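Using the UniProt record's numbering, the first residue of the sequence shown is number 1, and each one after it goes up by one.
We put the beta carbon where it would ideally sit given N, CA and C, even for glycine.
Small disclaimer: the values here were computed from a predicted structure and weren't measured.
In what follows, a single structure is set out as structure tokens and then discussed.
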Amino acid sequence: MTLRRSLSSIDCRAPQAVIRIFRTCTHAFASILHVFTSLPSHQTVVMWSSRPKLTASAVGLLLTLVILNELDLPDYAIPSQTNIEPEWHEELAFSETFVAAKEEIEFLHQIVLGRPEVDPVVEKTQQLKEVRICRRVRYMKPVIVAANKDWVQNGQWWLYSAHVDRRENSLFPGQNSVQILVETFGKLPPKAPVCMLWYGSHVKAVEAVMRPIWQRAWDPRNSFYQSILVTCGLPDDAEPIAVSLTVDPCLSTVPQAVAVQSRRPTKSKSETPSVAVCLKGLELLEDETPAIVEWIQFQLLMAADKVVVYVYTVPDRLNRALSNLAKSDSVEVINLTLPAHSPSTPFTRHNFIWRNRQQKRRHELIPYNDCFYRFSQTHDFVLIADYDEFVVPLKDDNYPQMLKRIRDASPTLNTSSLAIRNVFRLKSFGANESALLEVSKWNRRSAVIQDKGISEKSFASTKTVASVFNHFALHRLHAGVTRTQHVDPEIALKLHFKSACPSELGSRQCEAVNSESIVDTSIDRFLPELEKRVTKVMAAVDLV
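Laid out in structure tokens, this is it:
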């Protein structure tokens, strides 16, 4: 029993386990031959000439072979990530970290030289590859998690949401797909996972296509949770009700799967483009209710069809305001959590998010793209902005009219996104504290409009875009699409309300921003109606 116990505790996949096996077998063999090893030296010289002694030796060797056979060792002793001796785990982790750090430093060096490897923004055409599944999988019924309710873990993959995509694309021409928004820790595996497409009565499996949303040129480090767009081509027009990811399509256990969201246009085609607006995840300890209510009401005043607000944790007053606004069809509030083993309690999560800026930026890509895909089949443009950013049309009354003006001026333009130039309204320029609205209190802006590409916000085109970032569109559906077009600041400006010039702009930029301020009246014509709407909402909130 002692021998059996010692053998059962061995991890045969670790290299050191082989040494232990032979040690154990040697001890067993030594026990059998103990009688011989205790003999006087002159007798051991002739021990092998004795038939009983040879028999005992043969029994010992046979026992060794039996033990090794029962252990069923693999062909190669490969360390296991999940069941490994502590000292080997530390050595393996150090080795992997060292190699990863070396690769990241080399990539940074290429950035300095101006020669970094850049991921393609347009995917080459691929053949959709169906994968054979085992018979037992055909009868499985996955545990389906409702859309945006919680993260779904499939091995190393954490699935947030999945959306049917019927748009024409270069990846799988003429075929629909399911787009899954996923996070995984560290560097992507070399082999893509398999998409398990769950229909009502059957299941199909296809090879996935992975596209990192975070671009390495921004920060090449892999020691973060990475946001990934996973594309699963559909073999036919039938749409699955759920999807999961796996490395082995012959599943041994029933998987969890995320529900697939399917939307179709509900309104007749209008002459003016339709717009949806997204507000990134709110993680607030202080009460910002008036400012956020103003921002939402301004988007509706600008004729946005829908405003989607993502929420981690907010104060009770703001929570009441959002619940009140969500009673209409124009506003939707989606509760948000972090993936995997990230903090989930409000205060701890708040500190984690704000103290881990690089991870925060990677996490934010998930709600940005989830919101984009919610409207990719139903709207023309999606605007992603923060609640201190107001895109103000200067020649039109709302977003659709402004976008129609731009489209009519260049009817053949096929662009990925339309970027609005940034200008700062700073509290440091002076404030009118008696004004009712937050946007009215800071009525001076910098005389300097930021250059193209600096702090802009974009209307991403759903006709051409596969993924989005905070400021512009990223992956494109097909070739023949121009890069981001920068809208003339005579047509629209983005007013950015800040206490002071943000330090990330750099001292030279901030010096220019602070050098001169002017009275700004660009938003004034919208303020009477905005004030009326905000007053109504706040009155209802504060009565509760």
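Within the DSSP bridge table, the entry for Asn398 names no partner. A residue is called buried when at least 16 other Cβ atoms come within 10 angstroms of its Cβ; Ile420 meets this threshold and is buried. If you look at Lys306, you'll find it in the beta strand (DSSP E) that goes Lys306 to Thr313.
Annotation: Asp408 to Met402 spans about 10 Å, alpha carbon to alpha carbon.
Runs of the beta strand (DSSP E) lying entirely within the region 214-302, each at least 3 residues long, are 225-233, 242-246, 256-261 and 275-283 in chain order. A Cβ-Cβ contact shorter than 9 Å links Leu285 with Thr313. Note on geometry: alpha-carbon atoms of Phe459 and Val137 lie some 43 Å from one another. In the DSSP assignment, Glu207 falls within the beta strand (DSSP E) that extends over Val203 to Glu207.
A direct Cα-to-Cα measurement between Gln215 and Gln153 gives close to 24 Å. By the Cβ rule, the region 463-478 does not count as touching the region 438-448, because fewer than three pairs are nearer than 8 Å.
A direct Cα-Cα distance of roughly 6 Å separates Arg425 from His496.
Under the three-state reduction of DSSP, Asn470 is assigned to coil, being neither helix nor strand.
With respect to Thr521, Asn443 sits close: the two C-beta atoms are nearer than 9 Å.
Comparing C-alpha distances from Pro189 to each of Met538, Trp157 and Glu271 shows the shortest one belongs to Trp157. Using a Cβ distance threshold of 9 Å, Lys204 and Pro255 do not count as a contacting pair. Secondary-structure assignment with DSSP links Pro212 through a beta bridge to Ile228. Counted as a single uninterrupted DSSP element, the alpha helix (DSSP H) harbouring Asp316 occupies residues Asp316 to Leu325.
In the three-state reduction of the DSSP assignment, Ser417 falls in the strand class, which pools E and B. Straight through space, the alpha carbons of Pro502 and Gln127 are spaced by roughly 47 Å. The three-state secondary structure of Cys134, taken from DSSP, is coil.
Here Thr482 carries a strand assignment [DSSP, helix/strand/coil]. Each residue's CA atom was taken as its position, placing Val243 and Val260 some 7 Å apart. The beta carbon of Phe469 sits closer than 6 Å to no other beta carbon from its chain once the five residues preceding and following it are set aside.
Taking 8 Å as the upper bound for CB-CB distance, Ala340 and Phe224 are not in contact here, some 11 Å apart. Note that the C-beta distance between Ala326 and Asp305 is not below 9 Å. Contact between Val308 and Cys371 holds, since their C-beta atoms are separated by about 5 Å, short of 8 Å. Within the DSSP secondary-structure output, Cys195 pairs in a beta bridge with Val206 and Leu245. In this structure, Val194 sits near Pro249, with a CB-CB distance shorter than 9 Å. Around the beta carbon of Asn351, fewer than 16 other beta carbons lie within 10 angstroms, which makes this residue exposed. Look at Ala500 here: in three-state DSSP terms it is coil, with no helix or strand label. Secondary structure of Glu531 (DSSP, three-state): helix. Here the region 225-234 lies against the region 174-185, with 3 or more beta-carbon pairs under 8 Å apart. As the crow flies, the alpha-carbon of Glu130 is around 11 Å from that of Leu197. Residue pairing by DSSP places Ser517 opposite Ser446 in a beta bridge.
Ser274 is positioned such that its CB atom lies closer than 9 Å to that of His379. For Thr184, the enclosing beta strand (DSSP E) stretches over residues Ser177 to Phe185.
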